[in-house]
Every structure is written in structure tokens, then in C-alpha cells.
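Notes follow the structure.
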Amino acid sequence: MNRNLKRTCVAHIQRLLICTCIFTLFATIGKASHVQENTETGNYILILNSYNESSPWSNSITTPIVHKIAGIENMDAYIEHLNLFMVGDSTKIERFPEILSSKYGSTPPRLLVFIGSMSLIFREEIQSLWGKVPAIVCGADPYVYHEKFYRQRDTVTPEEKTHMSELAEEFNFTYMHTPIYLEENVQLMCRMIPGMKKLIFLGDGIYPNPEYDKQLRELIKDKYPQMDYEYISSRTNSLHQLYNAVRKTDKTTGILVSTWFTESFTSSNFLINAYRSIASISAPLFTIRYAGMDDGGMVGGYMYNDQIFTRQLLKTIDEILHGKKASDIPFYEPNEAHPAFNYTRLVNKGLDPDLCPGDTVFYDKPANFLNKYKWIILSVLIAFILMAVTQQKRIQMLKALRRAQQNEIDTNTQYTNLIDNMPILYMKEQVIWDKEGNIIDSIYRDVNRYFERCFLPKSDIIGKRASEIFPESLPVFTHFMSITLKEKKSITFPYYFKTVNTFYDVVLNCSTEPDTVDVFCMDSTELHNAQQMLSATNHKLSMALEVANIVPWKWNLKDHTILCDLNRPIAMAAMPGSISEDQLSVSDEQYFAKIIKEDRPRVIQAYRDLADGKIEKVKEEYRVLANDGTQWKIDWIEAQAAVESKDENGMPLTLVGSSLVITERKKMEDELLSAKDRAEESNRLKSAFLANMSHEIRTPLNAIIGFSNILAAAEEEQEKQEYINIIESNNTLLLQLISDILDLSKIEAGTLEFCYSNVELNDIISEIESVTRYRTESNGIQLIVQKGLPSCLIRTEKNRLMQVLNNLLNNASKFTSQGSITFGYKLCDKELYFYVKDTGCGIPADKVNSIFGRFVKLNSFVQGTGLGLSICQTIVEHMGGRIGVESEEGKGSTFWFTIPYQPAAAENKREEEHQLISVQKDKLTILIAEDNESNYRLFQSILKREYNLVHAWDGKEAVNLYKLHTPQIILMDINMPVMDGYEATREIRKLSLDVPIIAVTAFAYASDEQRAMENGFDGYMAKPISAPQLRQQIAAILQKRIILL
């Protein structure tokens, strides 16, 4: 039997060698020609297998790679089986680069795959030939040793070794570990073989089996001291010896298989893998790798997941082919190892599958009955269910049909009863067409009982024409019947039957019979009357709300819409049916957008408080932007609101309210508040004014009264003259103060008068110059006049213009002690620019802005009221101009103002010719009409030394005395009893047109002077009377009108 077994093994090995040689030969021939074609482009992958082509483990790696590359266009995969374990010396290893270069040329592959770490002994030669070609190393040992170690037999791992991580960056590769789980396999074998007493490890003398032997010995010694261990190597044992050794084992012996390479009978340097021969051993064989479980007779073992490893390998190949650097890819370490068994072989070898761990993976496990015939069972089950469902559905349909038939019978009965008993008129009418296709009449085919109760019995109407029964309604009904039949739709319209005084809502429907219409008439009289009343009520309410400017609204908090009409909210309510709620509905955002943004947050917060239940009612006033059709304006609104409805949680759903336009009321309130403020301000100003006036009036009066009292006691003439000068100076100040107060009072009352006339501006400037020059030159100040135009005839208010210029010149004189004062004007576009410039003390910068205020005095020691500049500002602004000042303290000031330039045409005025009066000088008589004795005594003291005086106490007496004495000059007071000065003058003018009459009055306004000149007076003098001015005016009239003899 041993000879037969040996012959069988030899024959098997010979057949294997022959097949291997033939395969290698054809593969080499085919590959050589193909390599030469494709390696020139570099689109190929080169796999360097450290083992021979019969190695199951290496084939489990190369096969999926070749399949993957086959699916990539223009990409090839080549395998070189290095068979490194049959190399006996280093000479053959040194020839490897030469062989590789001649076969693949200088074009490097896209990727190198090293199977087994021993193939890395060529790393430097490959890098020298092709550079840093990206590579993947697959192996069970993460260390690389010297090439001598791989050529030795039965040698354990040397101490001199290099870890893959130290070489990865230099040679641009990543490492994929295929670990061997020796300890886990021993544990698994102990579990599957209860009471295992001996472990036999089958291997060969080739790396790394000697190292596995060493580790197993140490493991058994440390953890299983009661267990025997035996290592059977193909190096020292033949298959026959192996069979004999295994045949002696019992069921308590476990066999763990690694690789079993043996030398060929034909060559000592050719190794073959005899694992299929080992598979014929009857004892269960455990393996450390997946390879051999399919066709090698292995039961199984503890190993990494081969499928996950393969997916990761192919993924890594993809990453490198797409450009990722191999050394940047982390080393792969399988993390899902588990027991794996061939189920059929496990059972055949007499092992119990129930002893397998829970995470065991079974291969070739036969399906049970349900799994084997599940589709047939499922098909039969589905067919049975379909038959049952179909039968059930048929029964249900038959029952439903019976119910439907019965329901139809019941419905017809109910329908007949409903039609007959409902309070609605029903008529079935068959229409009659003419040749043109128009309905001209109809025939009654059926009516209900309600019709019979309201109109006629069925027997009297069936078969009759509508034109015979209801001729007045025929045109309306035939019109809508035509629409119903042509358009095949229902028509509804209202109709009023005069014969029964009833409103009906008529509904027309196409009947199931041809040319037949079902007519339904519902009594809507009460609804119509209610609508009429509601319409009238709405109209009245509309008018009331419109008159009151009240806008009602309703706010839906859920939909965020407000129902109202922002433009005509109420008027449309009186027109039912003409407008929909959608037209009156706006979003609350749009509604609040019309509120002025300053008021909007306050209003929104008020409504939010109402919605949150913090308050029960809202009443807010705010402004909105409105458009009256021509322009945008701002209206004031008073809004009031309350909660209308709430949800089940008590939160408001809708708010109702009204908006009242209160713009006019707000204007009245603002006017009242403004009037109140003005009154308060006026009262305050009056108090301040009276306090200032008291001070300003009493100050000069104090000097006047005081020095008047001591004047009589003065003995020296010089002292008397000094007192008189002081009294006159204070008189002038008091007079100016009173004039300013009068102007100020007219300004406050808004009655300041302006009398415009055509004047020559240069003449006004010359007149002001003549008055001012005497005063300035007496004080050593130079007066410079600058006239902007040779001639400037304008229309303006002469007196007010002179008042402003005189006031500015007086101020300049007060504050200028030396230097010059320059005043004049110039034309700037459409304005006349006047200025008064001095070289005085100037104005401090912090007081320039307040200089035009009332009672503002920069120097309390300088004479003045502090009202002049304020009055000037009012006059200039009233004349349409501007006023200002430019000043620098210590260097002087420039006051300026502008008025509109209004050129006037020259008027040819002819001076009135008066007949000269001849009189002797000592007989020159003056009639003085004055009702106040003190005033007459003043005139008398001034004029008695030079003229004869006649005194009249009123206007009537003045007329009589004129007739009696015929005076040469008349001084006429305006305001007198019996007859005033105007009337007296008119009476005297009837007697003489030539006698000079001078108006003397306490009315000192420009309008008073103009009125006097228009009423026949020849001159005008305002009280209080100045003696020099009086003498000067009388002298001027005498010079023009009287010849002294």
C-alpha cells in the first residue's frame, strides 16, 4: 500500500510539474511579446511574487488585481514569480536587475506590488533602474532581512532586521499586513477538539515556518504545558513519512498546516507546493490562511477577513493610480479577524459546528429546506393569497352591488318624497326651438306638490305651455334656459313674481332627458327684505362714519391680515356684492408701513400688549403717510382696538377697532399749545421788558431830575452849563429810548409800517453824511463815504433805510475813539450791499452771535438802550434782506446788511410855486395852535425873542385867529379838542394856499409824517421839540417863502 501511495504521489507531482512548465512557457512567450508592446508607454502594473505560481496565498492576492486591471482601458498587469526560496546563491540574485531591464526596459510601471517581504531585497536595484516607483508591499512579516537569510533553510528570524516604516519614505511604498494568528488558532483548535493533547504543526524549512515553529513551541510551553507539540517539516520528511506520522494520531491531536513546499523529483532547485497531497490526510487539518480552504482540503482556522483585505488592496491601488503618493498612505493592519470554516469539510471530518465561536464565518454551508425551496414556497403562498383575496373581493363587490341597488331604490324614493315635500318650487320643462335655434316656448312635464300648493294642480299644468301659464316670465326664463342647454352648466338668477309679490332665487339645470330643463325656485323674499334693510343700515352707518372720518377694521392675528380699505373703507360697505374681502384685506406689515417710523414701534408695542393680554383696550394716536390723490401728506390718526375672539387657550385670534382721522384736532391742539407757549413767552418777555424799561427809563430820568433840582442852586455859569449839558444828554438818551420802545412795540404787534417810494440813494447817503460828519470830526474821527454807483434811483422805504444806517453809524461813533469810519453801498447781483466799517474796539468772539439780541450792551459805560441792533435786524428782514457783522476784537467791526435792488424810473416832478409873502421883520407873526399850556410855554420861550406869537387853544380857534391876524407861519398841533389839526388845516387852506403850516405832533412814526404832508402841511416836527431843530426848520421856510423887509 505504501508503494501505491508513493507511486500515486509521484504521478500527481509529475503531472503538476508538466502543467506548471507548460503554463510558464506559454505565459512567458505571450508575456514577452505583450510586455514589449505595452511597457514602452508605462501603462502597466508589475507584480513581484516572492513565491512560485502554485502558492495559494499569493494567488489570492494577484487574482483580484489582475481582474481589476483588466477592466481599466490601456492598462495591463504583469506577474513575475520570483521563486526566491529555490535560489541557492547570490549570483542568481545579482542577475535580477539585468533580467528585469531586458524584459521591461527603462520605462517604469505605474505601480509595483511586492508579495512577500522577501521580494524587497531588490528594492535598491529597482530604484536604481526605475526611480521611486510607487509600490505596495503585502506580507505577514513587517520586517526585512538580509537576502542570505531567505536562502537558508530551517532558520529562525535573525536579530538583524529593518522595519517597513523605516524604508517606506525612502522607497515610496505602503505596507499591507497579512498577519498570522498562531495563538488564536491554537485556542480555536482546543475549542473544536475537546481534550486536545497534542499539536502537530506541518510546514517546510522555508521562511517563515521555522519562526512559526519557534513561536508555537514557546506558546505551548507558556500556556499549554500539558500539551505535546511536534513540528513536521517537508525539509526532513517526505509525504510518506508524513502520512505514517499522522496515521498514528488519535482524535485528541490537532494538526495546523502552514505551507508544504518540496523539491521536485526532476530538479533539486524546483519547489512545488504539495498542499493538495496533504489534503488527502483523513484527520481534520486546520490552516493559518484562507488559501487551501476551497480546494486544499483544509477545515479552517482563525484568520483575517480576506474579502475586506482585498477591497482595501484594490482601494489603495486606485489611490496610487490617481496620483496619491504611496508613502503617504498609512500602513494597513486588518482589524476584523475571525474563525472561518468550510462547513461541509468540517462536518465530514467529524467536527461539531455548534462548537464554533459566535463570530465564525462558514463557507459552502448547505441551505436548509426553507432556504432551498423558499422561492417555490413563496410563489405557492402568493398564489393562494391572490386567490383568497380575489374571491373575497368578488364577494365584497357582489354585496356592494346589492347595497348599491337597494340604495338606489331608497334614494329614488327619498328623492321623490324630497322633491314633492321640499318648500321649493320644482318644474320640469321641455323647451321648444324655432328654425334659427332659439327657444321660443316650453312645455311643463312635471311639477312637485309645493308648486301645486302655490299655483295650480298638476293636472291643470302638465302638457301646458309656459306662455299660457306665466307669459310675463317667459322671456327671462327662455334666455337662461338657452344658456343652460348650450353651455351644459347650471344657471342661478333672481326673479320677482309680481302676481304673488314674491322674490325667488331660480336655479336651472340640464335634465337627463333631451331638451329638458329642471327648474328650482326658492323663496328669498325674507332674505331680500333683510338685505334691503341691511343695505339701508350700512348706508346710514357709512355716511355717519364717513362724516366722522372713522375707519373700522378687523385684524386677523393668525393670518396677519387687516380687513379694511385704506383709501375708502366705509363707503363701499353700502354696495353689497360689488367688492370682496380680498380687495379690502391688506397684510399687517403693509398696514403698519404707512405709520411714520417714529411712531411705529410705540403703536406695534401697544397692539402686542393687547394681544398678550396685558391690557384690555388700546387707544393710541399716531401719524400716517396718506395720499389725497394729488400729493402725499401726513395725517394724525386716533386708533382704538379691543379683542374680538380668542382661541381655546385664551389667546386673541382677532382684534376689532376703528381709526379716527384727527388731523384738524391735532392742528388745533398744536395751535393752542403754541398760543399757550407764546402767551407764556410773551408774559415772560413782558416781565423782563418792564424790568429793563424800568431800569433804562429811570437811569436818564435820575440825571434829569437830579440836575434840574440843583441847577437853580448853582452859582457859577460854567457849572450851570455843565448841568445843562448833562440834562440835554440824558434828554436825548430818554428820547431815543422812547423811540426804540415805540418801534419795538409796533414790531411786537406786527404793525410796523413801511412806506415805499422812489428815492435817489446817493441823496440819502449825502444827507446821512452831512448829519454824521459834524459829530465824528468833532471827536477826531475821519468819516469816509463810498457810493457804489454814480446814480442809484430805487424804490425803497427811505425812513427805515436811514434809520438802520444812522443806528449803525451811531454805534460806530460810540465805540471808535480814533481812526476812521467808512460807510457806503455797492450793487451785488440783485441786492444792494450796505456796510459800516470802523476801526474801534471790536467785538469779542463769544459775543458776536448775541449782538443782535434785545438789551444787549457790550459796554455798560457807553450810552445806549441795547435795542437798536435788534430793531435794525427786524427792519432789514422785513425789507427782504439780511444783516450781519464781521469783527475782530481790538481791530474794529464791519456791520453790513442787504436789501433787494428794485430800480425805479426817474419822475419829472414839478415843484409847487408859492407866492412869496413880503413882511417887515419886526411884524413877523407865528400862530401856535396848542392845547397844552406847558407845550405853548416851551414854544414861547424859544420863539418870543424873534417873532410875534399868537396862541390858539384848539383848531377852531386857530381858524378864527388866522382870519383875524393873518400870520406868516402856523405851528399846528394835530391832536386838539373841538377841531383837530387836520381839519383846521383844511379850513385854513380854503383861505390861503401859500401860508406855511408846520405839523407839530406826538405821533412820531413815518406814516404820521407822510399823512401830514399829504394833508396840506408844509413841514413836520415830532415831539419832544428840539429848540435848534425848530429854529432851523422855521428859518428854512422863511428863506423859501417869505421876503423880510
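Positions -27 to -1, 1 to 1018 (mature numbering (1 follows the signal peptide of the UniProt record, and there is no 0)) are the ones given, in order, by the sequence shown.
Positions of the beta carbon are idealized from the N, C-alpha and C atoms, including for glycine.
Every value quoted in this text rests on a predicted model; they were computed, and no experiment measured them.
Item: Reduced DSSP category for Cys329 - H, G, I as helix; E, B as strand; rest coil; Value: coil
Item: The region 136 to 147 in contact with the region 189 to 200 per 3-pair CB rule at 8 angstroms; Value: no
Item: Integer Cβ distance of Tyr116 from Thr135, believed to fall under 8 angstroms; Value: 7 angstroms
Item: Proximity winner among Ile670, His295 and Lys894, relative to Leu710 (alpha-carbon distances); Value: Ile670
Item: Environment of Glu982 [buried if 16+ CB atoms lie within 10 Å]; Value: buried
Item: Beta-carbon spacing of Ile193, Leu161 below 8 angstroms; Value: no
Item: Burial state of Asp491, where buried means 16 or more other Cβ atoms lie within 10 Å; Value: buried
Item: Ordered list of beta strand (DSSP E) runs contained in the region 13 to 79, each at least 3 residues; Value: 17 to 22 and 49 to 54
Item: Assigned exposure category for Asn25 - 16 Cβ within 10 Å defines buried; Value: buried
Item: Residue burial classification, Glu903 (beta-carbon count within 10 angstroms, cutoff 16); Value: buried
Item: Any non-hydrogen atom of the ligand SAH within 7 angstroms of Glu919 CB; Value: Ligands are entirely absent from the displayed structure, and the ligand SAH is therefore not among its contents.
Item: C-alpha gap between Glu441 and Ile434, whole angstroms; Value: 10 angstroms
Item: One or two residues paired with Lys619 in a DSSP bridge; Value: Pro625
Item: Spatial neighbours of Ser866 in its chain, beta-carbon cut-off 8 angstroms, leaving aside the 5 residues before and after; Value: Ala785, Phe788, Lys810, Asp811, Gly813, Gly815, Ile816, Val858, Glu859 and Ser860
Item: Residues bridged to residue 1020 [DSSP beta-bridge criterion]; Value: The structure shown does not extend to residue 1020, since the chain is modelled only from -27 to 1018, so the question has no answer here.
Item: Residue burial classification, Tyr469 (beta-carbon count within 10 angstroms, cutoff 16); Value: exposed
Item: Cβ neighbours of Thr(-8) in the same chain (closer than 6 angstroms, five flanking residues each side left out); Value: With a pLDDT of 42 at Thr(-8), under the threshold of 50, the modelled position of that residue is not reliable, and the figure given next carries that caveat. Closer than 6 angstroms at Cβ, skipping near neighbours: no residue.
Item: Run of the alpha helix (DSSP H) containing Tyr216, from where it starts to where it stops; Value: Leu212 to Arg220
Item: Beta carbon of Trp528 nearer than 8 angstroms to that of Leu628; Value: yes
Item: Nonlocal neighbours in the same chain, by C-beta distance under 7 angstroms from Thr472, ignoring five residues either side; Value: none
Item: Local Cβ density within 10 Å of Val449, reported as buried at 16 or more and exposed below that; Value: exposed
Item: One or two residues paired with Met945 in a DSSP bridge; Value: Ala902 and Ala972
Item: Exposure label - Tyr346; buried when at least 16 CB within 10 Å; Value: exposed
Item: Residues that DSSP places opposite Thr475 in a beta bridge; Value: Phe470
Item: Cβ of Glu742 within 8 angstroms of any chain D Cβ; Value: Among the chains of the structure shown, chain D does not appear; only one protein chain is present.
Item: Enclosing alpha helix (DSSP H) for Gln1005 [first to last residue]; Value: Ala1000 to Arg1014
Item: Element boundaries [beta strand (DSSP E), containing Trp233]; Value: Careful: Trp233 lies outside any beta strand (DSSP E) and carries neither H nor E.
Item: Enclosing beta strand (DSSP E) for residue 1019 [first to last residue]; Value: Past the boundaries of the shown model lies residue 1019; the chain is included only from -27 to 1018, so the question cannot be answered.
Item: The region 312 to 330 in contact with the region 282 to 301 per 3-pair CB rule at 8 angstroms; Value: no
Item: Among Gln846, Thr871, Asn703 and Ala579, the one whose alpha carbon lies nearest that of Lys590; Value: Ala579
Item: Selection from Lys719, Leu674 and Tyr729 that minimises the alpha carbon distance to Thr705; Value: Leu674
Item: Chain-order list of residues whose beta-carbon lies under 7 angstroms from that of Asn(-24) (same chain, five-residue window excluded); Value: Note that Asn(-24) scores 42 on pLDDT, short of 50, meaning its location in the model is unreliable; the coordinates nonetheless yield the value given after this. The answer is none, since no qualifying residue turns up.
Item: DSSP-derived helix/strand/coil call for Gly992; Value: strand
Item: Alpha-carbon to alpha-carbon, Gln403 and Ala377; Value: 30 angstroms
Item: Ile179 versus Phe122, Met137 and Glu133, residue with shortest Cα-Cα distance; Value: Phe122
Item: Residues near Ile700 by beta carbon distance below 8 angstroms, same chain, minus five either side; Value: Ala676, Ile677, Phe680, Ser681 and Leu684
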